[in-house]
Amino acid sequence: MSALPHSGDATTPPAVTRIEHTRLARPNGWWGMAIFVATEATLFGTLIGTYYYLRFNNAHWPPPDVPEPKLTLPLVLTGILVATSLPMQLAVSAAGRGRLVTARVALLVAVVVQAGYLGMQLHLFVHDVHEFPPSRSSYSSIYFTMLGGHHLHVGIGVLLNVWLLLRTATGLTTYRMNALRATAFYWHFVNILALCVVGTQLSPRA
Amino acid sequence: MAVTVREPARQRVDRLERIWAEPRGVFGWLTTTDHKRIGLLYFFTALAFFGAGGIEALLMRAQLSEPNEKLLSPETYDQLMTMHGVTMIFLFVIPMTTGAFGNYLVPLMIGARDMAFPRMNALSYWLFLASGLFMYYSVFTHAAPNAGWFDYVPLALNQFSPGRNIDFYALGLIFNGIASTATAINLIATTFKLRAPGMSMNRMPLFCFAILAVSLSLIFALPSLTADLVFLELQRNLGFHFFDVANGGDPLLWQHLFWLFGHPEVYIIILPAFGIATSIIPTFARRKMIFPLVALAELLVAFIGFGVWAHRMFATGLPTITLVFFAAASMMVVIPSAIQIFAWTVTVALGRPEFRTPLLFIGGFILLFVIGGLSGIMFAAIPFDQATTDTYFVVAHFHFIIFGAAVFPILGGFYYWFPKITGRLYHEGLGKLSFWLTFLGTALTFFPMHILGLIGMPRRVYTYPSSLGWGPYNLSETVGAFILTAGLLVIFGNLVWSRFRGPPAGPDPWHGGTLEWATTSPPPPYNFPVIPVVTSAYPNWDRDDRRADAGRLERGELVLDEGHETPASTVVDAVPDEVVEMPGESPWPLAVALCTALLFVMLLTRHYAVAGIFAAMTLLAVAAWHSQEPQEQ
Amino acid sequence: MREVRKEIRPNRAVFEPGERGGLRRSLVRAGWIATGAAAALVFPAAAWAGDDQNALHPASKQEHSISVLWWVMLAGCSIGFCVVATLLLLGWVRRNRDSLPFGGGDRAGTAIVVGLGVFVPIVVLSSLFVWSDLFLIRTTEAPAANSTRMSIQVIGHDWWWEVRYPGGRAVTANEIHIPVRTRVDVAGTTADVIHSFWVPELNRKADLIPGRVNHLLLDADRPGEYRGQCAEFCGQQHAHMAMYVFADPPDVFRRWLANEERPARQPATAQAREGQHLFLSLPCSGCHMIRGTSADGTIGPDLTHLATRKTLAALTLPNHPPDLARWIEDPQRYKPGSKMPGFSLTSRERDALVAYLEGLK
């Protein structure tokens, strides 16, 4: 048992790779993120539940003076966002094999697409707020609350990725590797969330 | 370790002392990441809030001692009543059980050197402290929350509550929820990952199971409260519509979301108490717990707790079929609770119990919990619930649960772990006196409330007429409340006196079965000079294993004296997996908490742009914190 | 190492007294102590005297079934409490013997845990569930449409009750008259926050919620006055939001209703006429309605037949001229937070107002 790997000493890509290969279980940081994601998923479950609760409380959903949600653009945007799960996962596996440059390029690709998505969505958000402000009805209230919550999560994810890019500029440590794994996991969650949120928002069209 | 250490072992221990030492003085406490110090901070802070909540209760009892009493204005009474509930639940019981007991004991019981995320642990504490101060600031501005702890809309909307009162409540609880979530994540990751080699899931102490169940409940229950509170703030301050009928909202939405959190919350409050009981009973009954499936019962209680929320809403006119479903679910919760009660009592009956103060408190807890639990079953009989809900019968029921079932084990726990934390023994005679005062005070305060509810007294009234025959019962409750207070004062007097004058306790005065008794009292900053290896559910009763620990210290196996380290193991079987470098003291958690507090103050005062600046500062502080990697320290 | 071994063994385990009476005596003793303790706690519950708002003094079939449910559950719970207390006392009485009285060891203990913790609760709870939640609930359920003889509308306000009779001609406040032995449907809603309608001697309670109408059956067995009170916290004066339900013999009820439906009487004396003039010129008429006059406010209670009521301000004060005078002058003293402001009146004006209002029979 004295041969246990000391993950704190792993400050070079090859050392990190060694830890990644000998470890039996996922690191603490991954678990922390997984539990955090569980609570966040519940939060969004509550939001979606509220959406349907209010929907079945109202005869007209959306109310007559609100345009029906647009179909194509949100779906395309969501598809692009969901696709960033791939470069995120690529970054994790590349870093785990010690290929730091590949990992950082994948991360950069992901964050550029994600930031573009966020910018586009915020533009649409502002446009919609002017068209049917949240103070008009319970429909627009839950619509913007749910969407705002989702954008907030995307925004935090973008910040996490930017921070990872900055930190990995000086090399790889187990601490950063764990952060990368946790962040990739977070992004997978945000992407699933995006599907749920868009599905809910578009449900009146179904 | 009381064992004489030979030279190489002593050098290793000295090295550990050096590595784990934290700065002295106030600065050390402000930047600490030691779970024991954070546990103590939680303890003293929660205790202070307990005092505040207690004073609020005594003022209310004084106002209600006689019909038509004019001691308090109705507005003051409503603020006291709301703050009493909020304080006792969010600022006393949860921080005391998860924050103080959980923090101090879980790493010790599982043989770890700290929590999984030491800096986040510090952050939890500072956020909790700040959220408590935030809410209590309202008291000094005479704008304390005043719509009751469950804050029903539309009463809580600005149309009927135009002041800042409700904003203090909503923002304060969102804030507090962040702290609780962080604690829960930390406790779950700690119990999953940091257990000593060999402590597979089925060997984890039952106390840790209870804490795990509570943390899981918090993780899944708090979001619905947070969402509810966010909706409320959006509606109050930005004109959103969630709860007003005129714009397509529904006031019952508030209640559904609130109780979706609020009912699991009840189990969040009492589960740690179950855990404390299952720690104290085997020690003083001098045998293992019978029926180890109690651990499963604890998890089941937490799980079923999520399926019963609407039984708080039986009088709201929901369809009968819905009521029947929730009544059935409410009855199911009884079974795991009954399993635990009989497991405790049978263990006591089968053992050779030594009725010291901690066990007396657990005995009192069992009796009070049975009364509270049985009156709880009555609420699953829908017609009876619809008659007595929102009366003093409910107040009686949940005080038997919260005070009897949650606080009694906490008080017993104070006595039980006092020698471990201070290294001294308390005064047994005073301990027994304090138990009887507290027990009789509790019965006298809360039992007559059942009768008051049945003879028609609604809860949350600030006064009542003399013609209804409620006076004598209310007077006896007020007298009981003061006896209870006397009992609590004896407890704290005893503990304070013993802290300075008590005889030395030694590492293991009770011959407890769990690992916290395997180290010195108080434990050193690194908890164990050598990481214990575990082969059963009561590792401190395995003498050979503990002797083997001493041997490994001499050989330098699993001593981990090269850094700020603790072993991490696999989730189910606790096979040691890697040695994790733990972060040490850091000023950043305090800085993050401070920025967050200012963010919430700005939201309260509706300076949204400034709030944005503080949000950015919070993020910067988080980035600064994580730029400091453990191995660089 | 010998030292360590001794230290770790459970303390005081060696103390072993002789048998002190054996199984039967300890069982009996533990049982007695437990029963005594339970009785001491439960006894007062059966001995109260309050009879004005007492859920256990049923005056209707519905409340009768609720109180039977309570007494049965109380009996069951007492037994349950005694069982646990007996076990706990057994532990104390036999604290120096590590077995159960009948000689059982761990296996017997596990059997007790499974038996009393799983099987007994399943049987008892299923029975309770079937009896209370499937059968008894039918008596207290909201009455089916058209199953009642009359429907009255109750609207909660901060902090009083508006009561409207069919056809909307009879409107009163805080004092509900119903015919005895007649099924009356209460259709409850609210004008502001959530209130809860509760007359403990007649039935369960029903919340009054914005946007919803909840129904409750009133069917009094015998004539009488039954006090009720708001049961959902509704703000500052939640404590002063009470009501009476008067169950009248049918002819009394018909006379009362016929009178309520009529517009207000004209003032009979010069003083009362002056009072009426004052009422209509002061802000009073902006909040209160007196049918047959120009007073048409809807914020406060309808005062058309104020003099027929027993109480003022949702049972805060008795309806006597001196109390009415005090109430008009300073309502905030009796009901702080109430929407009714105080008026500074000369004693002549005050007496005139009181004379007018107390003439509204």
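Residue numbers (my numbering), protein chains in the order written: chain U, 934 to 1139; chain X, 952 to 1584; chain D, 893 to 1253.
Glycine is no exception: its CB is placed at the ideal position from the N, C-alpha and C atoms.
In this text the structure is predicted, and so the values were computed from the model without any measurement.
- Scanning chain D for C-beta atoms nearer than 9 angstroms to the C-beta of X/Arg-1263 yields nothing, as the closest lies near 11 angstroms away.
- DSSP places D/Met-965 outside any beta strand (DSSP E); the residue lies instead in the alpha helix (DSSP H), whose first and last residues are 953-985.
- With distances taken between CA atoms, U/Ser-1136 lies nearest to U/Pro-1007 out of U/Glu-953, U/Leu-1051 and U/Pro-1007.
- Under a 10 Å Cβ-count criterion, X/Phe-1041 is classified as buried, with 16 or more other Cβ atoms of the shown protein chains found around its own Cβ.
- At a cut-off of 8 angstroms between C-beta atoms, U/Arg-956 counts as an interface residue with respect to chain X.
- For D/Asn-1095, the three-state secondary structure derived from DSSP is coil.
- For D/Leu-979 and X/Ala-1300, the gap between their C-alpha atoms comes out near 7 angstroms.
- In this structure, DSSP gives X/Ala-1063 a state outside helix and strand, which the three-state scheme calls coil.
- Taking 7 angstroms as the Cβ-Cβ cut-off, the segment 1254-1285 of chain X approaches chain D at Ala-1266, Thr-1267, Gly-1268, Thr-1271, Val-1275, Ala-1278, Ala-1279, Met-1282 and Val-1285, given in chain order.
- X/Phe-1398 sits away from X/Gly-1355, with the two beta carbons spaced by 8 angstroms or more.
- Around the C-beta of D/Gln-945, 16 or more other C-beta atoms lie within 10 Å, and the residue is accordingly described as buried.
- Residues of the segment 1097-1114 of chain D that bring their beta carbon within less than 7 angstroms of a beta carbon in chain X comprise Lys-1097, Ala-1098, Asp-1099, Ile-1101, Pro-1102, Gly-1103, Arg-1104 and Asn-1106, in sequence order.
- A direct Cα-to-Cα measurement between D/Val-1010 and X/Ser-1326 gives close to 19 angstroms.
- DSSP, read as helix, strand or coil, puts D/Asp-1188 in strand.
- If you ignore the 5 residues before and after U/Leu-1004, its C-beta comes within less than 8 angstroms of the C-beta of Leu-1135 and Arg-1138, all in its own chain and listed in chain order.
- For X/Ile-1333, a Cβ of chain D is located within less than 8 angstroms of the residue's own Cβ.
- Among the residues facing chain U, X/Ala-1140 is included, as its CB has a counterpart in that chain under 8 angstroms away.
- For D/Gln-1121, the enclosing beta strand (DSSP E) starts and ends at 1116-1121.
- Of the residues assessed, X/Trp-1210 falls on the buried side of the cut-off, its CB having 16 or more other CB atoms within 10 angstroms.
- Taking 7 angstroms as the Cβ-Cβ cut-off, the segment 971-991 of chain U approaches chain X at Ala-971, Thr-972, Thr-975, Leu-976, Thr-979, Leu-980, Thr-983, Tyr-986, Leu-987, Asn-990 and Asn-991, given in chain order.
- A direct Cα-to-Cα measurement between U/Ala-1127 and U/Glu-973 gives close to 13 angstroms.
- For X/Pro-1476, there is no enclosing beta strand (DSSP E), as DSSP marks it with neither H nor E.
- Boundaries of the alpha helix (DSSP H) around U/Asn-1124: 1107-1135.
- Identification of residues in the segment 1290-1311 of chain X having a C-beta nearer than 9 angstroms to some C-beta of chain D yields Ile-1290, Gln-1291, Ile-1292, Phe-1293, Ala-1294, Trp-1295, Thr-1296, Val-1297, Thr-1298, Val-1299, Ala-1300, Leu-1301, Gly-1302, Arg-1303, Pro-1304, Glu-1305 and Phe-1306, given in sequence order.
- When only Cα atoms are considered, D/Asp-1188 and D/Glu-1153 end up about 16 angstroms apart.
- In summary, no residue of the segment 1357-1372 of chain X has a CB separated from any CB of chain U by less than 7 angstroms.
- Out of X/Ile-1006, X/Leu-1108, X/Gly-1123 and X/Trp-1077, the CA that lies nearest to the CA of X/Ser-1089 is found in X/Gly-1123.
- At a cut-off of 8 angstroms between C-beta atoms, X/Ser-1024 counts as an interface residue with respect to chain D.
- Taking 8 angstroms as the threshold, the shortest C-beta distance from U/Gly-1132 to chain X does not fall below it.
- At a cut-off of 8 angstroms between beta-carbon atoms, X/Val-1104 makes no contact with chain U.
- A Cβ of chain D is located within less than 8 angstroms of the beta carbon of X/Gly-1099.
- Residue burial annotation: X/Trp-1205 is buried, with at least 16 other C-beta atoms found within 10 angstroms of its C-beta.
- Leaving aside the five residues that flank X/Met-1152 on each side, the residues in its chain whose CB is nearer than 6 angstroms to its CB run, in chain order, Val-1523.
- Between the alpha carbons of U/Glu-953 and X/Gly-1514 lies a distance of about 21 angstroms.
- The segment 1167-1185 of chain X makes no contact with the segment 1072-1081 of chain D; the number of CB pairs closer than 8 angstroms stays below 3.
- Shown here for D/Gln-1045: same chain residues with a beta carbon closer than 6 angstroms to its own, the five before and five after excluded, namely Arg-1056 and Ala-1079 in chain order.
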